Structures are given as C-alpha cells and as structure tokens.
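Visitor: Protein chains in written order, with the numbering used here: chain A, 14 to 556; chain B, 18 to 370.
Following this message is one structure expressed as structure tokens.
Next up, the structure:
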C-alpha cells in the first residue's frame, strides 16, 4: 500500500493548493516577497504545501526502504504540482472567472512563474516533484541537521513576513539602520541578507543544540539564591522592555500593541469564564460593549447626560460589567455546554440589536454611535496617542493578569476548575455552583468592561458595529490557540492571532479563514494549545 | 408545606420566574394595546402569518439537520449554517447561467429542479466532508472540543466561500413563474411564499417518512438512542452518521434555495442568522426530536413575523421590526430557562448534555 499512499496524500495536498489559489491567497500573498524578486510569500505558501505533503508521504512509509520512501514523497509532490498544472490548463480553456472571482490571469501567471502554459506547467511538475523529493530527503536527515534547517529556514521566512515590523524598528536606531540596508531590499530580504541570516541562525541553532543542554544543567546546578537572582534579572529586564516598548517600536507598531493589549485584557477575562470555569460563553462581546457604552454615555458631551471624566466613568463601567455579568449569568446557570454557548450567543446578539435599534437611539445613539468621548488624562496630560494609551492598557493587563494568577491558586480558582471538570461532583463536594459560576461570569465581565472602557476612550467614539459576534469568536480563538486556562497562553494567542494579522495587511481578508482553520487544527492536533497550563498538559498527554 | 416550598425554591429560581413573568406580562400588555389601537387590519395579520409560515418552514428544514446531528452525536453542528449557505451560493451560478441564456423563462420548472439538485448536492458534499475531516476524528473527545471545532469549521467555510465567490451580495434571478399572487377568498397570497410553504412541507414529509419507515431511518433512530447498543446489533455507526449528515445537508441545501428565492439574494454570511434561528427552532421543539424541529421552526417563524407588530407596537416602541431578531433570541433564552426539553422533547439539557 505504499504507492497509493503517496498519491492520496499528494491529491489532498493538491486540493489544498488549488483551494488556496482559488480563494485568492496565493495572489494576495504574492505582493510580499520573502527574498526580494526571488521568492514571494504566495510561492512560499505553495512550496510549503508541497513540502508538507512530501513529508507526510515519507512519514507514512517504512523508513527502512529509503528508495521507496523518496519515490513516495516525490510522487506526492508531483501530484501537488500536477493538480496545480491542471488548474492552469483548465483555466486557460474555460473562463473559470465567471464563478471563481480569483481565477484571474494574474493567478495563472503566478502559478506558471510567468513562463507561459507549456513551460510553466513543466516547471510546476518538476518543481513539485523536486520539492516532494526534498521533503523526503529532509525526513531522512538526522534530527540535529533537521532542527538546524527548520530554525534557519523558518527565520528567513519569518524575517521576510515580518519585514514591516523589523525594518522600521531598526531604522529608529542609528547604528542598526545599517543592518536594514544589508538585510532588506524595497520588498523582502536581499539575497546576501538571506544568506547571512541563514548562516547566522543555522550556526546559532547548531550551537544551541550542542551546548544548550549544558547551559541548562549548569543553570540548575546553581544555588537556589543564584537561580532566583537570574530569574529576577530576567523579569526586571522584561518589565523594562515592556515599559519602553512603544518608544522602541514607534507609532504604528504601538497602535498594534494597544490593540493586542485590549485583546489580552479581553482574553484574560474570557479565560476565567471558559478556561477556568469551563463555561463556554459566545456572547462575551456583550460585556465589552457594555463597558464601552457605559463610558460613552457617562462621558460624551454629544449625548449630554453626565459629562463625567474618564476616571470617574471607569469604575462605573466596570461595575456595570459586573452587574450585567451576574444578570446575564443567572438565566444560564442551569445550562451546560452547547446550550450555554447558544444562549450566550443569543445574549450577545440581543445587546447588539438593542444598541443598534432606533428604539434606544435617544440614549445610545443608534447606528451612528456615540462620538466625542474624552480621552483619559492625568492632570493636564492627556493620554491621546497610542504610545500613551499603551501604558493605560499595560496597567490594565497587569492588573487583570495579576488577579487571574492569584485567583487560579485560590479556593475560588480551585472551585472553578472543579466545576469545569465535573459539575455534579463539584456540587457533591460542597461547592456552591450558583456563587461559583456567577463569580466567574462577573470577573470575566469586569475585565471585558475594563477593556471596553479603554477602547471607547482610545477611539473617542463607539459604534454598534464594533461589537459583533466576530469579536467573541476572536477572543475564543486566541485563548484556545494559546491554551485554555493559561495566562501566558492568552498573551501568545493575542500576539499570534491579533498582532500578526495587523502587521500583514494582505492577510486581513483571510484572517477569519485562518482563525477557523487554526481552531480546527488546534482541536484536532493540539487541543491543549500553544502554551498550555501545566495541569492540562499532563492531563492530555499521559505518560 | 409552605416551609418545604420555601426550601425548594432558590433565589435564582425566583428571579428567573420573576423575569419570565415580567416578559409575559409585557407581551400580554403589548398585544392588547396593539389590538386595541386597531392599526393593523386582518389583511395585515394574514400577510404576517403567511410570511411567518414561509420563513418558519425554511427554519424547520434547516433545524432538521441540527436536530438529527444532535440526536446522533450529541453535538451542535455549528457549521450547519454554512452547509445551508454553500448550496444556494453555488447554485446561484447555475441560476444566473440559466437566466442569461433565457432557459429560465422557457423551462422554469426544469431549471428550478436543476438548481435544487445542484444546491442539495453541494450542501451534502460540504456536510459529508465536514463530518469526515472535522468531526470523525473527535468522536469521544470532551464535549467542548467538537463544538469549538464546529465553530472553527463554520468560519473557515464562510471565508472560503467569500474567497471563492467574492464578498458581495449576488442577486438571485427572478423566476417569473413564481411572481404574482393567488387569491384565496378575500385574502391574497404571494405565489412564491405559497410555493416555499408547500415545497418545505413536502420535503419534511419525505424526510420524516425516511426516518420512520426505512431500514436506514431505523438505524439512525437506534444510534441516537444508544450508540453502543446499536453497534452491538450490527449497525454500521459510521455509515449511519454519514447518512444523517447527508440528510441534513440535503434539507439544508433545499432550504437554502427556498431562502434565496424568497429574499432574492445570496451572500457568504447569509447562513449565520438563519442558522442560529434554526438551532433555536430545534431547541424550541426539543432537540433530537424531528417533528419537534418542524413545529419549532414554524412556531419561531410565526413569532418572528407577527411578534414585532403584535407585542412591541402597542408598547410604543419605534421601528419594532428591527427587534425581530432580538425577539427570537429572547424566545430561545426563555425556552432554555423554563422548558429546556422544548415543546415536544425529552429532558436533554440537563441529563445528557
């Protein structure tokens, strides 16, 4: 059954590649070059598909027969290239564009490397086969070399993808600007930059693989006091880094940072509800909206009710969040799992529909929203630019992170986890389900309202459309990708799912597509998340 | 006696009943106020009811998929709304081709038949792929895992279709045969609404007959009763589950075309709201219960179309029609609170969930 295995995997890989081409990902990503004028991100995407199917095909074959293994991965790579070639032929024959809007001539040109149908298709076939075979070879290489290759190639791709992050950061610092010139062309890495990056990271990875363990054991051999000192220095350094980050990164990236920060805050809140207490809440955006609208109604001169300052409105917004968390929590106390998810989804939509309606327009502004929300200020200093608001958000995140960290080990935190694992047993053990669940909803809602309040003051206006169900899904995604119940996971998830897409403009359109795929892949392959809680990791991977 | 009562009723129960009672009182007050003003004539009400029936029978068809999958796998197939969207969106291109070639006006029945077939085929394909790729590997996983997978699949499918077909609204071609009205006594009924109601009723009857009368239907029922026992009796669980998804996909595909004919447009996000509504309908009728889903769908459609004018107009609420989705969701929450078994269902929400 070795032959068909390669064909089957190749067919699946080819299907994925065709799908990527037809939904426009290849074309959109081709605008960004990894290595200037050599490899674009779109081509990298297809290359990765071919590599991956070659690797999988190799993995499914017995490694004792290297020739057969190589043949298998070559075949699967060939299938990927072949299916793409078929797409090109079909596209030149029928006008696919009548149905698939992305099947444009530009796409075919990209797929055939601008060489015309005949030569281009041969290139596709050859390239696919070669990539597949390379993946097979890669499978056969010793693990040390494999790790080094992954790290160095990965960092080239990473540097290419994140060029918009790296370039302006380097440019801000005089001496580092030289690196920019060496490393980056107008679009993508230069060839010499890519080569030097490859050598640098490869030697670094090699060094770490050889010496890394020694350093780790060396660290462990230190006295506890010294270990603590090392850890403390690390902590102080990271705090210092966090405090100076907006100055290092500049205006645009600080804006990205504030968005990530708001999502971290939201994620920490939902993490308590979903991660700790296991209550799947799909209407979490409601509390975000409640926080934002409370601040808007209390402060905005446009509505002219109260005209409070931001600081006066903030506690009230959080209080409103807590109150609504409890109020919306009471009806769903007895529901579990799926029912809870749908009921909370309904709540989220109800809040949005109410805010949007003409009925409540005199109070909440209707579809036009509320504007002229004042910024937060300290005396005469106003927190107006993203670089200043960053500190407000950072303080909020620290507070929320600290609270979640302390709560997790507390009696309440353990009660939440008990409820998450088994409600009936938890109740039998004497846990007051009502209080425990309501406290989870209330705490989560408080964080969310805080985030909403800062969001309102940051934008200066609120619109009902900012509070749709996508936000809830985004937050859910980020805590699941990061690892449910894990505080660091929230941070990792927010950076990966909110920060990265902000940096990759062409990615924006495919954001939710990738989120959906990420959710599925996470659940199928790594249900504990990228940075799981220690307990959960042990649970899911028993020795 | 009173002491025992006091003990049994907790604070939260009392609060819930209070909320429920308040909502009920509001509904009664609003309805009487509306009827007292006499702003709406019986023609209005008749139109509302027919529209509600048409919309409700579409909800009912989609709800079949939710309820059957829930019955057999105990999971909400959150991506079912995308199964519902994928079919008619793909069939749109067929319909547009027929329209531009003039075939639609010459042979409307044949064309509609083909459009239905295409839509049902695509929806079924999506449903089967979904089961194979996303759900099958997760059987026996903790309950949250398949639900989150389904949410992921839902968004993945939505944006895949957006990438494939574009993000704009596509106008479904007008079928001339279905334009106009039929008189019934002193009332008149829009032709396409009548067709939607009849077609949905026929499909539901066929599906119900399939589940109740055929061997496969019996297998489906027995697997949803007890999976292990069914497999011990020699029933192929995998095949049964796939069949369930096929049926769900077919009914969703058909419902999708009816929906597209009624609202004359398709969009990659069109599945979301009807999907949640259909789930509401399934819960209303008692999830896992096929006649319940039909009843729930029609009930929900009626409440949604009659409700805003009947309940809210009398309360002096501006533009009550904007709140029709809110009414549906409030109905969902009320049902989940006071009768989680649904109208016809067994007690699932607490016991098996």
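Note that CB positions come from ideal geometry on N, CA and C, so glycine has one too.
Note that this is a predicted model, so its numbers are computed, not measured.
Taking the beta carbon of residue 294(A) as the centre, do at least 16 other beta carbons fall within 10 Å, making it buried, or is it exposed?
Guide: The residue given as residue 294(A) occupies position 281 in the first chain. Buried, because 16 or more other Cβ atoms sit within 10 Å of the Cβ of residue 294(A).
Visitor: Does residue 195(B) get closer than 7 Å to chain A when you measure Cβ to Cβ?
Guide: Here residue 195(B) is taken as the residue at index 178 of the second chain, counted from 1. With 7 Å as the cut-off, residue 195(B) does not count as an interface residue toward chain A.
Visitor: Can you find the residues in the same chain that come closer than 6 Å, C-beta to C-beta, to residue 181(A), ignoring five residues on each side of it along the sequence?
Guide: By one-based count along the first chain, residue 181(A) stands at place 168. Same-chain partners within the cutoff: 263.
Visitor: Look up residue 391(A) in the DSSP assignment and give the residues it is bridged to.
Guide: Within the first chain, the letter at position 378 stands for residue 391(A). 394(A).
Visitor: Can you give me, in chain order, the residues of the segment 333 to 360 of chain A that have a beta carbon less than 8 Å from any beta carbon in chain B?
Guide: Listed by position, the residues of the segment 333 to 360 of chain A near chain B (Cβ gap below 8 Å) are 343, 344, 345, 346, 347, 348, 349, 350, 351, 352, 354, 355, 356, 358, 359, 360.
Visitor: Using a C-beta cutoff of 7 Å, does residue 180(B) count as contacting chain A?
Guide: Here the question's residue 180(B) lines up with position 163 in the second chain. So yes, residue 180(B) belongs to the interface.
Visitor: So what does residue 188(B) bridge to, in DSSP terms?
Guide: In the second chain, residue 188(B) corresponds to position 171, counting from 1. In DSSP, residue 188(B) forms a bridge with 282(B).
Visitor: Could you tell me which chain B residues have their CB closer than 8 Å to the CB of residue 113(A), listed as they occur along the chain?
Guide: Within the first chain, residue 113(A) is the residue found at index 100, counting from 1. Under the 8 Å cutoff, chain B gives 181, 182.
Visitor: Mapping DSSP to helix, strand and coil, what is residue 252(B)?
Guide: Numbered from 1 along the second chain, position 235 holds the residue referred to as residue 252(B). Looking at residue 252(B) - three-state DSSP - the assignment turns out to be coil, as it is neither helix nor strand.
Visitor: Output, in chain order, the set of chain B residues within a Cβ distance shorter than 8 Å of residue 523(A).
Guide: Taking the first residue of the first chain as position 1, residue 523(A) is located at position 510. The answer, in chain order, is 176, 180.
Visitor: Just to confirm the assignment, what range does the beta strand (DSSP E) spanning residue 205(B) have?
Guide: Residue numbering aside, residue 205(B) sits at position 188 when the second chain is read from its first letter. Start and end: 204 to 207.
Visitor: Are at least three pairs of beta-carbons, each pair with one atom in the segment 294 to 308 of chain B and one in the segment 341 to 360 of chain B, less than 8 Å apart?
Guide: At 8 Å Cβ cutoff, the stretches touch.
Visitor: Excluding five sequence neighbours on each side, which residues of the same chain lie with their C-beta closer than 7 Å to the C-beta of residue 64(B)?
Guide: Counting from one through the second chain, the residue named residue 64(B) turns up at place 47. So the list is empty, once near-sequence residues are dropped.
Visitor: I need the straight-line Cα distance from residue 323(B) to residue 66(B), nearest angstrom please.
Guide: Here the question's residue 323(B) lines up with position 306 in the second chain. Here the question's residue 66(B) lines up with position 49 in the second chain. If you take the alpha carbons of residue 323(B) and residue 66(B), they lie about 7 Å apart.
Visitor: In the segment 272 to 352 of chain B, which residue ranges form an unbroken beta strand (DSSP E) of at least 3 residues, counting only runs that do not cross its ends?
Guide: If we require 3 residues or more, the segment 272 to 352 of chain B turns out to have no beta strand (DSSP E) run fully inside it.
Visitor: Less than 7 Å between the beta carbons of residue 77(A) and residue 145(A), yes or no?
Guide: What you label residue 77(A) is simply residue 64 of the first chain in a count that begins at 1. What you label residue 145(A) is simply residue 132 of the first chain in a count that begins at 1. No, they are not a contact pair.
Visitor: What does a CB cutoff of less than 6 Å around residue 366(B) pick up in its chain, not counting 5 residues either side in sequence?
Guide: Residue numbering aside, residue 366(B) sits at position 349 when the second chain is read from its first letter. Because the pLDDT of residue 366(B) is 41, which lies under 50, any placement of that residue in the model is unreliable, and the question is left without a value.
Visitor: Determine whether the Cβ of residue 200(B) lies closer than 7 Å to any Cβ atom of chain A.
Guide: Within the second chain, residue 200(B) is the residue found at index 183, counting from 1. Answer no: the Cβ-Cβ gap between residue 200(B) and chain A never drops below 7 Å.
Visitor: Distance, Cα to Cα, residue 71(A) vs residue 19(A)?
Guide: As a first step, residue 71(A) must be located in the first chain, where it is residue number 58. As a first step, residue 19(A) must be located in the first chain, where it is residue number 6. Cα-Cα distance, rounded: 8 Å.
Visitor: Taking 7 Å as the CB-CB cut-off, is residue 362(A) touching chain B?
Guide: Locating residue 362(A) in the first chain gives position 349, counting from the first residue. With 7 Å as the cut-off, residue 362(A) counts as an interface residue toward chain B.
Visitor: Closer than 6 Å by C-beta to residue 236(B): which residues in its own chain qualify, once you throw out the five before and the five after it? Chain order, please.
Guide: Numbered from its first residue, the second chain carries residue 236(B) at position 219. Around residue 236(B): 252, 257.
Visitor: Can you tell me whether residue 198(B) is helix, strand or coil according to DSSP?
Guide: Here the question's residue 198(B) lines up with position 181 in the second chain. Three-state result, residue 198(B): strand.
Visitor: Between residue 79(B) and residue 97(B), how many whole angstroms is the CB-CB distance? I'm expecting something under 8 Å.
Guide: For this step, residue 79(B) is matched to residue 62 along the second chain. For this step, residue 97(B) is matched to residue 80 along the second chain. Between residue 97(B) and residue 79(B) the Cβ distance is about 7 Å, and since that is below 8 Å, they are a contact.
Visitor: So residue 145(B) and residue 263(B) are supposed to be a Cβ contact under 8 Å. How far apart are they, rounded?
Guide: For this step, residue 145(B) is matched to residue 128 along the second chain. For this step, residue 263(B) is matched to residue 246 along the second chain. About 6 Å separates the two Cβ atoms, so the contact holds.
Visitor: Once DSSP output is grouped into helix, strand and coil, what is the label at residue 202(A)?
Guide: Taking the first residue of the first chain as 1, we reach residue 202(A) at position 189. Looking at residue 202(A) - three-state DSSP - the assignment turns out to be strand.
Visitor: So residue 48(A) is in the beta strand (DSSP E); what residue range does that whole segment cover?
Guide: As a first step, residue 48(A) must be located in the first chain, where it is residue number 35. Element bounds for residue 48(A): 46 to 48.
Visitor: If you run the structure through DSSP and keep just helix, strand and coil, what is residue 575(A)?
Guide: No answer is possible for residue 575(A): the residues shown for chain A start at 14 and end at 556.
Visitor: Please list the segments of the alpha helix (DSSP H) lying wholly inside the segment 123 to 159 of chain B, counting only runs of 4 or more residues, in order along the chain.
Guide: DSSP runs (the alpha helix (DSSP H)) wholly in the segment 123 to 159 of chain B: 125 to 147.
Visitor: I need the boundaries of the alpha helix (DSSP H) containing residue 331(A), first residue and last residue.
Guide: Numbered from 1 along the first chain, position 318 holds the residue referred to as residue 331(A). Counting along the chain, the alpha helix (DSSP H) containing residue 331(A) begins and ends at 323 to 342.
Visitor: Interface residues of chain A around residue 347(B) at Cβ under 9 Å?
Guide: Residue 347(B) sits at position 330 when you count from the first residue of the second chain. In chain order: 359, 363.
Visitor: Would you report the Cα separation of residue 75(A) and residue 69(A), rounded to the nearest angstrom?
Guide: The count along the first chain starts at 1 and reaches residue 75(A) at position 62. The count along the first chain starts at 1 and reaches residue 69(A) at position 56. For residue 75(A) and residue 69(A), the distance between alpha carbons rounds to 12 Å.
Visitor: Indicate the three-state DSSP secondary structure (helix, strand or coil) for residue 527(A) in the structure shown.
Guide: On the first chain, residue 527(A) is found 514 positions in, with the first residue counted as 1. DSSP places residue 527(A) in helix when its eight states are reduced to three.
Visitor: State yes or no: is the beta carbon of residue 122(B) nearer than 7 Å to at least one beta carbon in chain A?
Guide: Here residue 122(B) is taken as the residue at index 105 of the second chain, counted from 1. Output row for residue 122(B): interface = no.
Visitor: Secondary structure at residue 383(A), three-state DSSP: helix, strand or coil?
Guide: In the first chain, residue 383(A) corresponds to position 370, counting from 1. Strand at residue 383(A).
Visitor: Quick check: what's the CA-CA separation for residue 424(A) versus residue 247(A)?
Guide: For the purposes of this step, residue 424(A) is taken as residue 411 along the first chain, with counting starting at 1. For the purposes of this step, residue 247(A) is taken as residue 234 along the first chain, with counting starting at 1. Computed Cα separation, rounded: 30 Å.
Visitor: Identify whether residue 475(A) lies in helix, strand or coil by the three-state DSSP scheme.
Guide: Indexing the first chain from 1 puts residue 475(A) at position 462. In the structure shown, residue 475(A) sits in a strand (DSSP, three-state: E or B).
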